[in-house]
Structure formats: structure tokens, C-alpha cells
Amino acid sequence: MSRKLASIRKVVEIKPIERADTIEVAKVDGWECVVKKGDFKIGDLAVYFEEGSFLPIEPRFEFLRKSCYKAFGEIEGFRLRTIKLKGQISQGLLLRLDEFPELFVINPKLRTIKSFLLYWIYFIVTGGKFQYIPLEEGLEVTDYLGVVRYQTILENLDQNDSSNSRFKEPINRRKPFPSFIPKTDEERVQNLPYQKIYEKFKNEPLTVTEKLDGTSFTAFRVIFKEDVTTTIKDVNYCKYGVCSRNFELEYTDKSDYSNAFIDFAIEDLLQELSIKLGIQNLAIQGELIGPGIQGNKLNLKERELRIFNVYNIDQRDYVDFNVARDVINKCISKHEQVNCVPLITATYILPEDRETVIEEAVMQSTLNLDKLAEGIVIRFSKDQQALSFKAINNEWLLKYGE
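Counting from 1 along the sequence shown, just add 816 to a position and that's the residue number in the numbering used here.
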């Protein structure tokens, strides 16, 4: 699931900030943003940019230059991150609709002189190339406004630069991520229709695991009746593959990913899991953590693979995490440096409000109690596709400038 970095949201609450005369808090869904006092009222539609967004260089974003400007050679823009103002956490950016004439529609709420003039200026500047967009709550405008994910910028930089600590993958020989495996991407709790979820799952025991800050790793085992060109290694008609977050990688490239596949004996692990779970075609997904990966924030001494998903390719469904964890625990004695993500509880009951979930994500890591955890992942392990989301530790976001 790709993130809606920029979208139309409705202001659901306005709150004052203690000892602040010119700013206040506007809330959209589960996000709280510090805004100029009086800019919004409850019920207003606005354009919301999530933290982690990379905004283009445009006059309307120039006020961000002092605190958010980033440049990587010819690539430049404004990075949004979690900040604290007057003791209030602010995540993302909320701007009025009339700042975006290209989103203008004939709507009484938008019939202001400023919007009208900006609309025609935009129409003339673009030579009449204009597209009407029916504005409604939830509409995604990420691509339309030229917004990209900041992490994507980092991932696309020259990974041969030895001065950075990002996990390296071969750029020239990447293939599309396999279509038969879902990508690893959890939705943030702030974006969920929380009350509907609460009513549906309030009496269900949920599984909570620690979210680890590393690099996404997927490995799979598939038996094909016919030759398939999107796989990597063929052994007795059984094909194995290794993937980063967005790409399948050549097995022979000797990248950090394929090295981890070999060093951690992942091929043997996949075979063993296939037998013990009775699944012919399957994939494991996890987080590679440790030295040289994302700054090794937990100060680990060696690299590890922490598995959070076992995916049944035949059934197109996830194996119950608690079942998968029990089986993996029986295999790890043969696979050093491979384990499951830390389990916090398998009997979690959703609280009535999402703010409690966000507060509970503020915790120390179970892998190093002296370090902050990135957050938590909450899932309904009996049917992970029905419910799985994450809550990021706000203290972690503030400390690491995310």
C-alpha cells in the first residue's frame, strides 16, 4: 500500500496551545498539525502533507526553506518531519485549499477573490492546460502536486557512495518486485478510520510486535511448471529469489541482500518452513538490522534478520504470525542471526481512542533497553489482511529527525 503523502482532509478539531498567541493545533484524522491561528475552522477541507514527504521547490513552500530545505546535487526540495513547537508535537503540513488554484472547483466555499485570481493566473501560465478535480475528503493529490517520499530520494541516490550507511543494492540489474507477493508497507494508525476498526475488533485479542528500523528483506521459494524469467536461482525446478522493498534482485550480483540470503542460509530455512508448514510456495519478509543499516540505531554488534511475515503464495494469504513464530523458533538453532521480530503481546485489546495507541508506541526497544523503539505493529494474526497497522514512537521521530 503506497502512502497518501498529499491528500484532501477535513479538519475535525481545533485546539489551543498553552502560552501561544499566534498558533494553534488543527487535527485531521489522527494527525495533529501546528497552524497559524484562525487559518482553519472545524469542517474545513484542506491539503494535508504527511511527515516524510519531500515537497517540490515552489513559491508557496518557500516559508519552509529555513527548516526543511534539502539538496542532493540537482535534486532539491523541502522535507517534512515531526517537530515540536511550544511543547506541542506537529506532524506534517496543513495548508488552505486556496493555496492550490490547480485544485480549484466551482464551489461556494472556494469562491474567494484570491482563489479566483490564482485560478486564472495558473490557467494562463499553463497555456490553458488545466484539469478540474472534484474535491472531496480523502482525495489523493500526491502525484498531482509533485510530492514524493523522502526515503525514496535516499534510496535512489548513488548507493556506491561509501560515505553513507544505507544498505546497498545493485541498481543496474533490478527487476520489478514479484507480483505474487505483497510489498511490506503498514498503514499508520493516524490514517485509519479508527472508530470503525475499534467497533469491529474491540473484543478480539491482537498481536503486537516491535517495529524495527532497518531495511526490508523478502525471500521466496516457488516451484514453477514453466520457465519464469522474473526469478533468480533454479535448483531442481525450485526457484529462489531475494528482494529489497521495491525490487527483485539478481542472485549473482553479490549484493548485501544476496549475501544475507547466503550467510543466513535462507534457502535452507525456506525449505524447512515449507515442509513444517505444509506450504509448497512461500515467502518470508523481515527487517535486516545491525551495523551499516540505517545508522544501526539499536547499536547491535552484528547484522540480523528479524522476520515479521510468512506468506502463503498458493493461498495468497499470510500465515498466522503466532503459528509462524512457533515454527521459526524451532528452526533458528540452525540459522544464526535469524529470528522473529520481538513479540510484545499476543493478547492486546484495542483501546477506545487512537491517542492511547500512539502513547503506547512510546517505549524502549526490547533489543536494547537503552535505545528507543521505532514503534509497534498491531495485527489480527488470524487474518492479517483484515487488520495490520503501525504506530510510530513520537519520541523516536523527534530524536532522529524523521
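Each residue gets a CB set at the ideal place from its N, CA and C atoms; glycine is no exception.
Could you spell out where the alpha helix (DSSP H) holding residue i opens and where it closes?
i	result
residue 1170	1170-1176
residue 883	881-884
residue 967	966-971
residue 1074	1072-1079
residue 1089	1082-1093
Alpha carbon to alpha carbon, how far is residue i from residue j?
i	j	result
residue 881	residue 894	7 Å
residue 981	residue 1065	Here the model assigns residue 981 a pLDDT of 44, short of 50, so the residue's position is not dependable, and the following value carries that caveat. So the alpha carbons of these two residues sit roughly 20 Å apart.
residue 1152	residue 1083	14 Å
residue 1106	residue 1196	28 Å
residue 1075	residue 1114	22 Å
residue 968	residue 1155	27 Å
residue 1048	residue 897	Per-residue confidence for residue 1048 stands at a pLDDT of 47, beneath the threshold of 50, marking its modelled position as unreliable; no derived number is given.
residue 1175	residue 1209	8 Å
residue 922	residue 996	Low confidence applies to residue 922: its pLDDT is 40, below 50, so where it sits in the model is not reliable enough to give any reading.
residue 1109	residue 1102	14 Å
residue 1097	residue 1171	40 Å
residue 819	residue 966	12 Å
residue 1027	residue 1187	13 Å
residue 1005	residue 1062	23 Å
residue 964	residue 888	14 Å
residue 1147	residue 1039	22 Å
residue 874	residue 1112	35 Å
residue 1173	residue 1211	14 Å
residue 866	residue 1218	11 Å
residue 1088	residue 884	48 Å
Pick from the options: whose alpha carbon is nearest that of residue i?
i	options	result
residue 1130	1094, 917, 1158 and 1112	1094
residue 1200	1015, 1154, 1132 and 1142	1132
residue 1012	1166, 1056, 1179 and 1125	1166
residue 890	907, 872, 904 and 1136	872
residue 1125	1116, 1006, 819 and 1143	1143
residue 908	886, 901 and 869	869
residue 1054	1026, 1122, 1037 and 1062	1037
residue 958	863, 994 and 903	863
residue 919	878, 879 and 861	861
residue 1104	1096, 849, 1116 and 1098	1116
residue 844	1168, 917, 953 and 1148	953
Hey, quick one: how far does the beta strand (DSSP E) through residue i stretch, first residue to last?
i	result
residue 831	822-832
residue 786	The chain is shown only over 817 to 1218; residue 786 falls outside these bounds and no answer can be derived.
residue 839	839-844
residue 864	861-865
residue 992	990-992
residue 1056	1054-1059
Give the C-beta separation of residue i and residue j to the nearest angstrom, bearing in mind that I take them to be a contact with Cβ-Cβ under 8 Å.
i	j	result
residue 856	residue 828	Not confirmed; about 11 Å, so no contact.
residue 1100	residue 1035	6 Å
residue 1204	residue 1002	6 Å
residue 850	residue 839	5 Å
residue 1023	residue 1127	In fact, because the Cβ distance is near 16 Å, the residues do not count as touching under 8 Å.
Q) Can you list the alpha helix (DSSP H) stretches of 4 or more residues lying completely in the region 1160-1214, in chain order? A) The region 1160-1214 contains these whole alpha helix (DSSP H) runs: 1170-1176.
Q. Residue ranges of each alpha helix (DSSP H) run of no fewer than 4 residues wholly in the region 1095-1136, ordered along the chain?
A. Entirely contained in the region 1095-1136, not one alpha helix (DSSP H) run reaches 4 residues.
Q: Can you check the region 1008-1038 for any alpha helix (DSSP H) of at least 4 residues that lies completely inside it and give the ranges in chain order?
A: Taken in chain order, the whole alpha helix (DSSP H) runs of length 4 or more contained in the region 1008-1038 are 1010-1017.
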